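Take the working numbering: the final residue in the sequence shown is number 442, and no numbers are missing along the way.
Where a beta carbon is used, it is the ideal one built from N, C-alpha and C, also for glycine.
Note that the coordinates shown come from a computational prediction; the quantities given were computed from them, not determined experimentally.
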Amino acid sequence: MRLSRSFLPTLKETPAEAQIASHRLMLRAGLVRQTASGIYTWLPAGLRVLRNIANIVREEQDRVGAQEVLMPTIQSADLWKKSGRYDAYGPEMLRIKDRHERELLYGPTNEEVITDIFGQAVKSYKELPQVLYQIQWKFRDEVRPRFGVMRGREFYMKDGYGFDIDYEGAVDTYRRMMLSYLRTFQRLGVRAVPMVADTGPIGGDLSHEFLILAPTGESGVFYDGALDTLDWLADPVDVDKSEDLERFFNNVSSYYAATDEKHDETAWASVPQDRRREGRGIEVAHIFYFGTKYTKSMDITVTGPDGSPVYPEMGSYGIGVSRLVGAIIEASHDENGIIWPDSVAPFKAAILNLKVGDETCDAVCETIYNKAPTQFLYDDRSDRAGAKFADADLMGHPWQIIVGPRGAKDGKVELKRRATGERFELSADEALVKVLAPAAEG
Ligand code: 5CA
1 MRLSRSFLPT
11 LKETPAEAQI
21 ASHRLMLRAG
31 LVRQTASGIY
41 TWLPAGLRVL
51 RNIANIVREE
61 QDRVGAQEVL
71 MPTIQSADLW
81 KKSGRYDAYG
91 PEMLRIKDRH
101 ERELLYGPTN
111 EEVITDIFGQ
121 AVKSYKELPQ
131 VLYQIQWKFR
141 DEVRPRFGVM
151 RGREFYMKDG
161 YGFDIDYEGA
171 VDTYRRMMLS
181 YLRTFQRLGV
191 RAVPMVADTG
201 PIGGDLSHEF
211 LILAPTGESG
221 VFYDGALDTL
231 DWLADPVDVD
241 KSEDLERFFN
251 NVSSYYAATD
261 EKHDETAWAS
271 VPQDRRREGR
281 GIEVAHIFYF
291 GTKYTKSMDI
301 TVTGPDGSPV
311 YPEMGSYGIG
321 VSRLVGAIIE
331 ASHDENGIIW
341 PDSVAPFKAA
351 ILNLKVGDET
361 CDAVCETIYN
371 KAPTQFLYDD
381 RSDRAGAKFA
391 DADLMGHPWQ
401 IIVGPRGAKD
411 GKVELKRRAT
421 GERFELSADE
431 ALVKVLAPAA
441 EG
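This is the structure in structure tokens:
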């Protein structure tokens, strides 16, 4: 994308309404704009990040056998009356009436819809397990929407739902999802630590939240830093084998990790001092097992092995996709701006032409740009070099390919790594190889 023609409305001033770094930076870098309280428009660069995150979530869900569907945002109140949650949910639910006075709502979550769809289609234990998920907008009329997309009213969530014939199967599904989440966060370039959680209004007795360490997080967290060093992408778990899933789960659970609500000083004292990580955390995902809560209340059964009806065991599995954009920035920025992990960055690199109009600079930039025009942001504005550096740092591109008249004459560009500030003098081709390398985590 050429910066001169793109819709990337960056701001020099710090917006007064933004209290935390990620909110400030998302507005300043032109990723989002608020259209109503807690409701945002995603601008081109922000949407690229949101999609990159969603795609990684999708790949890791698919990898463990979950199947993607897309449910509507608008639901019928009847289903919620059946499950008993219509009255229980309270004022967070946005309730709507259509022209025939039929009660509808904007979905805050989808247990009812998916259980109903499942019940219509699945009749036998032989068709289980099933995990269905979607990545879709939700609406919760939060009392205090704040921190930008971190606590929005409309937000983007991956919500998945598991159906199993018995408790053992549901536990396997739960563990499979936990592994998928750990892999997802690792690929997103952040560490999200699973911590045992209360099950809250959704109910049930097996639940973990995943928290990213950041000073502006809403919960206090305590965990064993050894968790940060585990490589989930390399862990050879066979997700079709219960024993493998159990080994994986017991390994994760053997390390101390708790939010302040569940913190246990005695257990904490047994974590070696140099591995104790203490701070605040942002909840980016939540997984629950809740058994037959919905299948029973909605009277959904399948035929069991002995021919009698069985209520399937369920769990639900959420990832806050839009919240993650803010959370990643909270965990990865400096005083100059965002530092995107390679996997989620809107562009792989910015090309900074320091002398637009200079024949050599223009030619070098065009050559590089044309190698991958959708993956580069080419700063072709006739602006001061300082302004270009500042904008590139603010927007957080993992790499900056800096093209000035002196270097260009000798066929050299300067390559800057945003995260470390390292600079390399290279030929254009060498720079391209480094920037376009599949996993440029360097
Ligand atoms: N039905 C389950 C998951 S399928 C569920 O709704 N879980 S949840 O309430 O914990 O939400 C899942 C994730 O969505 C949370 O972990 C959080 O990361 C994100 N989330 C929840 N509320 C908001 C909000 N108001 N703004 C942004 N993200 C949110």
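Worksheet item: Across which residues does DSSP place R151 in a beta bridge pair?
Response: R146
Discussion item. What does the alpha-carbon distance come out to for the pair F249 and E60?
Written reply: Computed Cα separation, rounded: 17 Å.
Discussion item. I'd like to confirm something about P215: is its beta-carbon nearer than 8 Å to some heavy atom of the ligand SAM, or not?
Written reply: Looking at this structure, you won't find the ligand SAM anywhere; what it does contain is the ligand 5CA.
Worksheet entry | Nearest-angstrom beta carbon gap, Q67 and L132 [assumed within contact, 8 Å] | 6 Å
Worksheet item: Roughly how many whole angstroms lie between the Cα atoms of W399 and W42?
Response: 23 Å
Discussion item. Determine, for D228, whether the minimum Cβ-Cβ distance to residues of chain C falls below 9 Å.
Written reply: No chain C appears in the structure shown, which is made up of a single protein chain.
Discussion item. According to DSSP, simplified to helix, strand and coil, what is W80?
Written reply: helix
Discussion item. Taking DSSP's pairing of strands, which residues face M314 in a bridge?
Written reply: F163, G291, per the DSSP bridge assignment.
Worksheet item: Where do the N-terminal and C-terminal ends of the beta strand (DSSP E) with P44 fall, by residue?
Response: Element bounds for P44: not the beta strand (DSSP E) but the alpha helix (DSSP H), 44-63.
Worksheet item: Hey, would you say the C-beta of D159 is under 8 Å away from at least one heavy atom of the ligand 5CA?
Response: yes
Discussion item. The ligand 5CA and P194: does the residue's C-beta get closer than 8 Å to at least one heavy atom of that ligand?
Written reply: no
Worksheet entry | Residues bridged to M157 [DSSP beta-bridge criterion] | Per DSSP, Q136, G320.
Worksheet item: Regarding E142 and the ligand 5CA, is the C-beta to nearest heavy atom distance less than 8 Å?
Response: yes
Worksheet item: So what does DSSP say about T109, is it helix, strand or coil?
Response: coil
Practice prompt. Identify the continuous beta strand (DSSP E) that holds G396 and give its terminal residues.
Written response: From DSSP, G396 is part of no beta strand (DSSP E); its letter is neither H nor E.
Fill in: Residue environment, A349, which counts as buried when at least 16 other CB atoms sit within 10 Å
buried
Worksheet item: So what's K434 in DSSP terms, helix, strand or just coil?
Response: helix
Worksheet item: Excluding sequence positions up to five away, which residues of its chain have a Cβ less than 7 Å from the Cβ of V344?
Response: V49, N52, I53, L188, G189, I328
Item to complete: Determine the contact status of E359 and G281, defining contact as a CB-CB distance below 9 Å.
Response: no
Worksheet entry | Span of the beta strand (DSSP E) around H208 | Run containing H208: 206-213, per the beta strand (DSSP E) assignment.
Worksheet entry | Reduced DSSP secondary structure (H/G/I, E/B, other) of P309 | strand
Fill in: Cβ pair count under 8 Å reaching 3, the region 71-86 against the region 106-123
Contact holds: three or more Cβ-Cβ distances are below 8 Å.
Fill in: Sheet register partners of D452 (DSSP bridge)
Past the edges of the chain, shown from 1 to 442, lies residue 452, and the structure says nothing about it.
Discussion item. Using a Cβ-Cβ cutoff of less than 7 Å, which residues in the same chain neighbour L27 once the five nearest sequence positions on both sides are dropped?
Written reply: L11, P15, A18
Fill in: Classification of N110 by the beta-carbon crowding that lies within 10 angstroms, buried from 16 upward
buried
Worksheet entry | Alpha-carbon spacing of P194 relative to R24, whole angstroms | 28 Å
Discussion item. Alpha carbons only, please: which of C361, S270, D240 is nearest the one belonging to P405?
Written reply: C361
Worksheet item: How long is the line joining the alpha carbons of V321 and H100, rounded to whole angstroms?
Response: 35 Å
Worksheet item: From the DSSP output, which residues share a beta bridge with L415?
Response: Residue pairing from DSSP places L415 in a beta bridge opposite I401, F424.
Item to complete: Evaluate contact between the region 294-308 and the region 117-130, counting only Cβ atoms and requiring at least three cross-stretch pairs below 8 Å.
Response: In short, these stretches touch, since the Cβ pair count reaches three.
Fill in: Whole-angstrom distance between D264 and V271, CA atom to CA atom
11 Å
Fill in: Simplified DSSP state of F7, which is helix, strand or coil
F7 falls in the coil class under three-state DSSP.
Worksheet item: When the Cα atoms are used, what is the spatial distance from R276 to R191?
Response: 15 Å
Worksheet item: Beta carbon of H333, beta carbon of S22: below 9 Å?
Response: yes
Worksheet item: Grouping DSSP H, G and I as helix and E and B as strand, with all else coil, what is D198?
Response: coil
Worksheet item: Is there at least one non-hydrogen atom of the ligand 5CA closer than 8 Å to the beta-carbon of A234?
Response: Not one heavy atom of the ligand 5CA sits closer than 8 Å to the Cβ of A234.
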